[in-house]
Every structure is written in C-alpha cells, then in structure tokens.
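Take a look at the structure set out below.
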Amino acid sequence: MPEPGFHGRATDKVDADLIARFCLSQEPEVWKPPAPEIRELQALVRRLESLIEMRVSEENRLSSGVVVEVVRRSLEEHIAYLIEQTKHTERMIREHIDNHPDLKRQSELLDSIPGVGQTTAALFLAEIVDIRQYKSARQVAAFAGLVPGERHSGTSVRGKVRLSKIGNARLRKALYFPAITALRCSEFFKQWASGMRERGKCKMSVIGAAMRKLIHLAYGVLKTGKPFDPNWAKTT
C-alpha cells in the first residue's frame, strides 16, 4: 500500500507544475500586500461587522420572549455593551480615515454617490484595497459577485439571469441597503430604474442592477478623482 499522504504529495506536485506554467505564460503581476493603513481599515471594518452581527443575534434572542429575568438582564447588558462598542469602532474608523489624506479623499468621493454613506465607503475602500489594480468597473463588479450570469439546466435549457454571487460577499452585502436607499431617495436612480421596470424587470433584478450601478459609479469617481455628477453618470 502507498504510504499515507502519497497521493496528496503527487497532487501538490501537479498543481505546482500547473501554477508554474501559468506564471511563465501569463506573467501575472507580483502580489503586493495591502498598505498598513488599508490593513488597519480592514481590521476595523470587519470588527464593526462582527459587533453588528452579535448585537442583532442578541436582540433576536431578547425579542424571542425570554422569561427568565437573570437571562433577560444579561442580554440587555450585553446589547448595551455592543452598542457602545459599535459607536466606538465607528469613531475609530472615521478617525483612521481622517488621519490618512488619500483615504479621506476617496471616502469623500464615494460619499458623493447617492445611497453611499461613510460606513459603506469605508467598507468599499477596505475590500477593494486599490482601485488601480482594476482595468474596468466590470472587473470590480465581478470581484463583488455582481455580474449577472445565466443559469443552465443540462446543455440546452436556459434559466433566468441571476447574480453570480461568486466574489466578495462583504462588499455585496454592504451594497444592498445603499442600493435600496438610492432607488427610494435619489431622483437619478428613480429615473434610471424606471426603464428597467417598464421592461418588466422584477424588484430583485432592479436592486441587483442598482448594486452594480453603485460599483460602476464608485469606480468612476475614484478613477477620475471627481465627485458624483448625475449628467456624467447617465453615460456610464
């Protein structure tokens, strides 16, 4: 019998050979770690995400009808603590961005887009890392899993076009409510979405398209260094 791990080592060798040949033929750019300020922003943003998730979980437990007083008190105290920590982390994120001119400038550009606030801007900057590594807005949308793909059954039956959802789930999740806010409150987005609705697009299709539109607008303002302009945005 082959010794334990034999097949694993053989597979590793094949994989290594494939990777080496790919690098020789395609000559991909050398990976560079994110700058220290981006790594810190990522850590802060993800900590904020964890705090919010914990608070929602505890609030759900509390609203489920806890009757034991000591447990209810514990939940209320923990929720209060999580709210305090959430506010504290939000302040640290704002201070961190304000202390780095490039991040502050980019955050202000993103904040000019309808529906995008400081929290969404911070998460976008933390997850995208460096907009210069993307050659198009479509590449950023693909990274977020917001490029529509057609579902297939077998070899010939086609299904509905849906978002691929293969990509950065954090970024995709962060754009959902800003897209809804933009569709509800922004005249630009209202007019833009009216055409989709007239063509019979369902609610979720319109929201998905709005999320993708936010990606395109974010790419545009960061690449050009100019704030959101409704007239320019109509052409993107």
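Each residue of the sequence shown is one higher than the last, beginning at 0 in numbering that gives the first Met the number 0. For each residue, glycine too, the CB sits at the ideal point set by N, CA and C. Computed from a prediction, not measured in an experiment: that's the story for all the values here.
Neighbourhood of Glu57 by C-beta, 8 angstroms cutoff - its chain only, sequence neighbours within 5 removed: Leu74, His77, Ile78, Leu81
Check this for me: beta carbons of His95 and Leu40, under 8 angstroms apart or not? yes
Quick one, which of Gly166, Ala121, Gln105, Tyr218 has its alpha-carbon nearest Ser135's? Tyr218
Go through the region 21–71 residue by residue and report every complete run of the alpha helix (DSSP H) that reaches 4 residues or more, in order. 35–62
Name the residue from Lys212, Gly194, Gly114, Leu61 whose alpha carbon lies nearest to the alpha carbon of Arg137. Lys212
Of the listed residues Gln105, Thr119, Leu61, Val44, nearest to Gln84 (C-alpha basis): Looking only at Gln105, Thr119, Leu61, Val44, the smallest Cα-Cα distance to Gln84 is reached by Val44.
Can you tell me which of the three DSSP states Asp14 falls into? helix
Whole alpha helix (DSSP H) elements within the region 164–209, 4-residue minimum: 168–184, 186–197
Report all residues from its chain with a CB closer than 6 angstroms to the CB of Met53; omit the five preceding and five following residues, and keep chain order. Leu81
So, helix, strand or coil for Gly153, using DSSP? Because Gly153 carries a pLDDT of 49, less than 50, the predicted location of this residue cannot be relied on, and no value is offered for it.
For Leu122, collect the residues of the same chain with a Cβ closer than 6 angstroms to its Cβ; drop the 5 residues on either side in sequence, then sort them by chain order. Sequence-distant Cβ neighbours of Leu122 in its own chain, meaning closer than 6 angstroms and more than five residues away, are Val44, Ala173.
Note down the Cα distance separating Ala15 from Ser24, rounded to an integer number of angstroms. 14 angstroms
Going by other Cβ atoms of all chains shown within 10 Å of its Cβ, with 16 needed for buried, is Phe220 buried or exposed? First, the amino acid is wrong: residue 220 is Val here, not Phe. When all chains shown are included, Val220 counts as buried.
Would you kindly work out how many angstroms separate the C-alpha atoms of Gln105 and Lys222, rounded to a whole number? 10 angstroms
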